[in-house]
Amino acid sequence: MAASEASMQWGTEIRRSDGPIPFLCYEPRRRRVTELLDDAARWSDRVHLVQGERRVRYSDMFVAIDRVAAALHEEGLRAGDRLLLLAGNSPDWVIAWWAGLRLGAVVAPGNRWWSASEITHAIKLTTPTVVVADAKMATLLPHGDKTWRAISIEQVHDWGSRPSA
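Here this note's numbering is used: the first residue of the sequence shown is -19, the next is one more, and so on.
Put into structure tokens, the structure is as follows:
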């Protein structure tokens, strides 16, 4: 974290916007959602995500996000590309979401209750480069000519959990 970022504190000053529609905002403030991770770094030892017995601390999540982002990049995901998430709630879903944003991708969360035809329609609308799906949703993905790469949420977990080199 840069020195200027370390000194940034939310809510130190409220000022009215100079734009055409007046509103109040904090200054200085983050400009991109991925900058929220910088703020969360101060809680590195705290538990952030819980699923059953699984606990993910902020520090572990940051490492997993970087690893998954690197792996998604190797799979062809680039800034401006779309990542479609079709999986149930889990720490790995959250990590995949942040990893996509870290790369500059547009992340499109899908509805886990969609039918096969709704998923096909969503893929046509979003034109994703990568689709991350859990086992249930993977059975509903369209077959045939694909312009996207399917990755299992379990693969995201494996990427995020692999030991450091």
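We treat Cβ as the ideally placed atom computed from N, Cα and C, and that holds for glycine. A quick note: this is a predicted structure, and the numbers were derived from the prediction, not measured.
A direct Cα-Cα distance of roughly 26 Å separates Leu66 from Ala20. Per DSSP, reduced to three states, the secondary structure at Pro8 is coil, with no helix or strand assignment. With fewer than 16 other CB atoms across the displayed protein chains lying within 10 angstroms of its CB, Val13 is exposed. Within the segment 62 to 136, the complete alpha helix (DSSP H) runs of at least 4 residues fall at 71 to 83, 96 to 106, 115 to 118. Judged by their CB atoms, Ala85 and Asp114 are not nearer to each other than the 8 Å cut-off. The DSSP-derived three-state label of Leu52 is helix.
At a Cβ-Cβ threshold of 8 Å, Leu52 and Leu81 do not count as neighbours.
Burial state of Trp73 is buried, judged by a 10 Å Cβ sphere holding 16 or more other Cβ atoms.
In this structure, the CA atom of Phe42 is about 26 Å from the CA atom of Tyr6.
As the crow flies, the alpha-carbon of Ala79 is around 13 Å from that of Asp40.
Under the criterion of beta carbons closer than 8 Å, Glu55 and Ile131 qualify as touching, at roughly 7 Å. Residue Ala50 holds the alpha-carbon nearest to the alpha-carbon of Asp138 among Ile1, Ala50, Phe3.
For Val136, same chain residues with a beta-carbon under 7 Å away, outside a window of 5 residues either side, are Val48, Asp72, Ile75, Ala76, Val112 in chain order. Leu4 counts as exposed, since fewer than 16 other C-beta atoms from the protein chains shown sit within 10 angstroms of its C-beta. Note on Pro108: 16 or more other CB atoms within 10 angstroms of its CB, so buried under the neighbour-count rule. For Leu17, there is no enclosing beta strand (DSSP E); the enclosing alpha helix (DSSP H) covers residues 16 to 20.
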